[in-house]
Amino acid sequence: MDCIFCKIVRREIQAKIITESTHSIAFLDAFPLARGHALVVPKKHYSKLQDMSFEDNLDLFSLVHDLIPTVDKFTGATLLASHNGKDAGQEVPHVHIHLIPRNTDDSAGPVHSMFSKRPKLSEKEFDDILLQMKV
């Protein structure tokens with residue numbers, strides 16, 4: 174497979190590896206948005222979070238949980254982000270969680286600032302969406 178993250182997992186490409194677990198690995202982002210920007214990826218290739226096995230998902234988010242205090246040391250706050258699919262902005266089609274140190278003057282803003290075309294939903298539209306999403 175020609176996936177850059179799979180190549181990092183197999184040690185075919187050098188990366189600044191922070192830590193790893195049985196099913197996941199964490200390393201510094203090669204193109205950081207802030208000092209301490211890290212990525213956590215499953216060792217097995219998955220394109221989307223919902224494709225992951227329960228075991229791999231649990232391991233991935235356990236490693237994310239364990240790493241947050243370390244990333245927090247840079248600024249005191251960490252943004253967790255995952256683009257789940259190409260249309261969501263995913264550039265590498267391998268599940269990955271960004272852990273990005275944030276501060277008030279980093280110019281990034283809250284997640285809501287990413288969207289200039291926000292829907293205005295009626296109460297009925299909210300209810301319809303809720304019915305579609307209930308599990």
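All letters in the sequence shown, in the order written, are residues 174 to 308 by the working numbering.
Note that CB positions come from ideal geometry on N, CA and C, so glycine has one too.
What does a CB cutoff of less than 6 Å around residue i pick up in its chain, not counting 5 residues either side in sequence?
| i | result |
| --- | --- |
| Val237 | Val213 and Ile270 |
| Ile190 | Phe200 |
| Ala254 | His271 |
| Asn276 | Thr248 |
Short check: CB of residue i to CB of residue j, under 8 Å?
| i | j | result |
| --- | --- | --- |
| Phe204 | Ala188 | no |
| Lys293 | Gly258 | no |
| His196 | Asp224 | no |
| Leu206 | Ile241 | no |
| His267 | Phe178 | yes |
| Val182 | Lys216 | yes |
For residue i, count the other beta carbons within 10 Å of its own beta carbon; 16 or more makes it buried, fewer makes it exposed. Which is it?
| i | result |
| --- | --- |
| Arg291 | exposed |
| Ala211 | buried |
| Asp239 | exposed |
| Ile302 | exposed |
| His285 | exposed |
| Leu233 | buried |
| Val308 | exposed |
For residue i and residue j, what's the separation of their Cα atoms in angstroms?
| i | j | result |
| --- | --- | --- |
| Asp245 | Thr251 | 6 Å |
| Ile186 | Pro283 | 33 Å |
| Leu231 | Ser194 | 11 Å |
| Ser280 | Phe288 | 15 Å |
| Glu298 | Gly262 | 26 Å |
Note down, in chain order, each residue of its chain lying with its Cβ closer than 7 Å to the Cβ of residue i, except the 5 sequence neighbours on either side.
| i | result |
| --- | --- |
| Arg208 | Phe247 and Pro274 |
| Leu218 | Residue identity differs from the one stated: residue 218 is His in this sequence, not Leu. Excluding residues within five positions, the ones whose Cβ falls inside 7 Å are Met174, Cys176, Cys179 and His267. |
With a floor of 3 residues, list each beta strand (DSSP E) that falls wholly inside the stretch 205-247, ordered by position along the chain.
The stretch 205-247 contains these whole beta strand (DSSP E) runs: 211-215.
Considering only residues of the stretch 252-305, which uninterrupted alpha helix (DSSP H) runs meet the minimum length of 4 residues and lie entirely inside it, listed in chain order?
Segments of the alpha helix (DSSP H) lying fully in the stretch 252-305: there are none.
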